[in-house]
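Since the structure comes first, as C-alpha cells, the remarks are kept for the end.
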Amino acid sequence: MADSSCSQNIIRGVRHQGKAMILELGGEIDLKCSAALKAKFAELYKQNPQVLVVNMEKVEFLDSSGLASLVGALKWCRQNDSEFKLAGLCKRVKSIFEICKLESIFQIYDSEDEALS
Amino acid sequence: MAKIDAKKSESLTNTQIELRIHANPDYLCVVRTAVRQTVCIFGLQEDKAESITLAVVEALTNVIRHSYGGPCEKPIIVGLNKICCGDKNRPAVEIVIRDFGKQVDTEAIKSRDLDELRPGGVGVHIIHSVMDEVEFSHADDCGTQLRLLKYIT
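So the protein lines, in turn, are chains A and B.
Following our numbering, the numbering of the first sequence begins with 2 at its first residue and continues without gaps.
Following our numbering, the numbering of the second sequence begins with 89 at its first residue and continues without gaps.
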C-alpha cells in the first residue's frame with residue numbers, strides 16, 4: 002500500500018536543528034498512508050538521530066494504523082537511546098492518544114519550539 | 089473480474105444514508121467526510137462526531153484487513169440512521185457496517201491489553217471506547233454486520 006503519492010501526501014519534509022531531526026507530517030494518516038510513514042521512519046533510523054521530533058501541526062486525522070507507526074518509532078528510539086517527541090497535535094489527533102491511554106507514554110508538546118527547547 | 093452476487097449486494101433496509109465502497113483504503117476519506125457531516129446533522133456535537141468518525145474508520149480498516157484479507161473490489165456498506173431506541177425512546181445515531189468477507193468468531197473480537205506498548209491491535213478498543221453499544225453478528229449468506237450506537241442525549 003505504500004506508494005510515492007501517499008508519501009508525498011503525508012510527509013512534508015525532514016529538517017535538522019542542532020542534534021534534532023524533525024519530521025514534518027501533514028494530511029490524513031490512515032490505512033492508505035500508514036505504510037508510507039512506517040517506511041519513512043525506517044529510512045530515518047539509518048541516520049541514528051539523537052532526538053527525533055515529529056511535527057504534526059498539519060496532521061488533520063490519525064487512526065490506529067498511523068498511531069501504530071508512531072508507537073513503532075517510539076520503541077525504536079527507546080531501544081536506541083534516542084528521544085522521541087511529538088509536537089503540535091490538534092484536538093482531534095490528540096484524542097486517539099487519550100482513548101488508547103498513550104498520552105502519558107509519548108512526550109507530547111504543543112509546538113515544535115517547545116519540543117526543541 | 090469476479091461477478092458480485094446480486095443478493096450479496098442488497099442494500100441495508102430502511103437506511104437514511106447509505107454508502108457503498110470497495111474495500112479500498114483510498115475511499116476511507118470519503119466515508120470520513122460523510123460520517124462527520126451526517127452525525128452532526130443528526131444532532132451530535134463536533135467532538136463526538138470526530139470520535140464516531142474515528143470508530144467507523146477503525147471498523148472499516150478491520151474489514152479491509154481481516155474480513156477481506158487486504159484491499160479488493162468487494163463491497164463494504166455503511167448505513168447511518170437517526171433512531172429512537174430503548175425504554176425511554178432515546179434518540180441515537182445508529183451506524184451499520186456490512187461486509188461480505190470471511191466470518192470470524194464474534195466472541196473472539198475483543199480489545200487487547202493496552203498496558204503492553206506495541207504497534208497495532210487497538211481498533212476494537214477504540215470502537216468500544218467511543219460507542220455506547222457495539223454488536224457484531226453474522227449475516228445469513230456471508231460476512232459480518234457490525235452495529236454501532238451512540239446516544240445523542
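The beta-carbon is built from N, C-alpha and C at its ideal position, and this holds for glycine as well.
Just so you know, these numbers come straight off a predicted model, no measurement behind them.
Review point. Considering only residues of the region 196-239 of chain B, which uninterrupted beta strand (DSSP E) runs meet the minimum length of 3 residues and lie entirely inside it, listed in chain order?
Key: 221-226, 232-239
Check your understanding: Quick one: does threonine 37/B have its CB under 8 Å from some CB of chain A?
Key -> No answer is possible for residue 37/B: the residues shown for chain B start at 89 and end at 241.
Check your understanding: Does DSSP put asparagine 150/B in a helix, a strand or coil?
Key -> helix
Review point. Considering only the beta carbon of each residue, do isoleucine 171/B and leucine 234/B sit closer than 8 Å?
Key: no
Exercise for review: Could you confirm whether any beta carbon from chain A is found closer than 8 Å to the beta carbon of arginine 62/B?
Suggested key: In the structure displayed, chain B extends from 89 to 241; residue 62/B sits before or after that span and is not available.
Exercise for review: Determine contact between the region 81-94 of chain A and the region 158-172 of chain B, defined as no fewer than three beta-carbon pairs at a distance below 8 Å.
Suggested key: no
Practice item. Excluding the 5 residues preceding and the 5 following glutamine 18/A in the sequence, name in chain order all residues of the same chain whose CB lies nearer than 7 Å to its CB. Key: Leu117
Check your understanding: At which residues does the alpha helix (DSSP H) containing glutamate 182/B begin and terminate?
Key -> Segment 178-187 is the beta strand (DSSP E) holding glutamate 182/B; no alpha helix (DSSP H) there.
Point to revise | Sequence-distant residues of its chain with Cβ nearer than 6 Å to phenylalanine 98/A (five each side left out) | key: Glu104
Review point. Hey, quick one: how far does the beta strand (DSSP E) through asparagine 169/B stretch, first residue to last?
Key: 163-173
Exercise for review: Kindly indicate which three-state DSSP category tyrosine 156/B falls into: helix, strand or coil?
Suggested key: coil
Check your understanding: With respect to the alpha helix (DSSP H) encompassing glycine 89/A, which residues constitute its N-terminal and C-terminal limits?
Key -> Neither: glycine 89/A is in no alpha helix (DSSP H) and is coded neither H nor E.
**Study point:** Minimum length 4: unbroken alpha helix (DSSP H) runs contained in the region 32-92 of chain A
**Key:** 35-46, 65-80
Practice item. Determine whether the Cβ of glutamate 161/B lies closer than 8 Å to any Cβ atom of chain A. Key: no
Point to revise | Rounded straight-line distance, which links the Cα of glutamine 104/B to that of aspartate 82/A | key: 53 Å
Check your understanding: Roughly how many angstroms separate the alpha carbons of histidine 213/B and arginine 153/B, rounded to a whole number?
Key -> 16 Å
Point to revise | Sequence-distant residues of its chain with Cβ nearer than 8 Å to glutamate 138/B (five each side left out) | key: Arg124
Check your understanding: Any Cβ of chain A within less than 8 Å of the Cβ of serine 139/B?
Key -> yes
Exercise for review: Give the C-beta separation of isoleucine 183/B and leucine 236/B to the nearest angstrom, bearing in mind that I take them to be a contact with Cβ-Cβ under 8 Å.
Suggested key: 4 Å
Practice item. List the whole-angstrom C-beta distance separating serine 217/B from isoleucine 109/A, where the pair is believed to meet the contact cut-off of C-beta under 8 Å. Key: Wrong, their Cβ atoms sit about 19 Å apart, outside the cutoff.
**Study point:** Any C-beta of chain A under 8 Å from that of valine 166/B
**Key:** no
Review point. Which residues of chain B have a Cβ atom closer than 9 Å to the Cβ of glutamate 113/A, listed in chain order?
Key: Within 9 Å Cβ-Cβ: nothing; glutamate 113/A doesn't reach chain B, min ~24 Å.
Review point. Mapping DSSP to helix, strand and coil, what is alanine 21/A?
Key: strand
**Study point:** Residue-level contact to chain A via CB, glutamate 146/B, 8 Å cutoff
**Key:** yes
Check your understanding: Of all the CB atoms in chain B, is at least one closer than 8 Å to the CB of glycine 27/A?
Key -> no
Practice item. Could you pull out every residue in the same chain whose Cβ sits closer than 6 Å to the Cβ of aspartate 220/B, ignoring the five residues on either side in sequence? Key: Leu237, Lys238, Tyr239
Check your understanding: Does DSSP put glutamine 108/A in a helix, in a strand, or in coil?
Key -> strand
Practice item. Going by CA-CA distance only, name the one from Lys33/A, Trp77/A, Glu29/A that's closest to proline 159/B. Key: Lys33/A
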